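Using our numbering, the first residue of the sequence shown is number 898, and each one after it goes up by one.
To keep things clear, I will list the structure first and then write my remarks on it.
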Amino acid sequence: MPRHTKTKEELEEYEYARMRETDEIAREMFVEEKTRDNERKEIAKKMLKRGTAIEIIAEDTGLTLEQIQELQATLER
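Here's what the structure looks like:
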């Protein structure tokens with residue numbers, strides 16, 4: 898049974914295509930995470946405007962107390 902072997906060029910093309918694929922997936926994941934982070938911050942801002950305690954906001958959004966305090970400072974400007 899003949900065994901198909903790829904040339905060096907074919908292997909390089911395949912590896913390059915896989916790297917591009919991996920890069921694209923990583924980019925998409927980064928954008929999704931940034932979007933979720935922005936959504937959490939917008940929710941936190943609304944909660945701050947309603948007078949919600951920062952501890953509750955942290956629990957509900959997953960943001961750190963420091964992040965919430967930074968958001969609070971921007972709202973007070």
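The beta carbon of each residue, even a glycine, is placed where N, CA and C say it ideally should be.
Model, not experiment: these values are computed from the prediction.
{"Check": "Thinking just about the alpha-carbon of each residue, which of Glu910, Glu907 and Asn935 is nearest to the one in Gly959?", "Outcome": "Asn935"}
{"Check": "If you run the structure through DSSP and keep just helix, strand and coil, what is Leu960?", "Outcome": "coil"}
{"Check": "Between which residues of its own chain and Lys961 is the CB-CB distance below 7 angstroms, once the five residues before and five after are set aside?", "Outcome": "The question names Lys, but residue 961 is Thr in the sequence shown. Correct list, in chain order: Ala955."}
{"Check": "Would a C-beta distance cut-off of 8 angstroms place Leu968 and Lys938 closer than the cut-off?", "Outcome": "yes"}
{"Check": "Just the Cα atoms here: how many angstroms apart are Thr919 and Phe927?", "Outcome": "12 angstroms"}
{"Check": "Using the Cβ count rule (16 or more neighbours within 10 Å means buried), how would you classify Ala941?", "Outcome": "buried"}
{"Check": "Rounded to the nearest angstrom, what separates Gln966 and Glu921 at their Cα positions?", "Outcome": "34 angstroms"}
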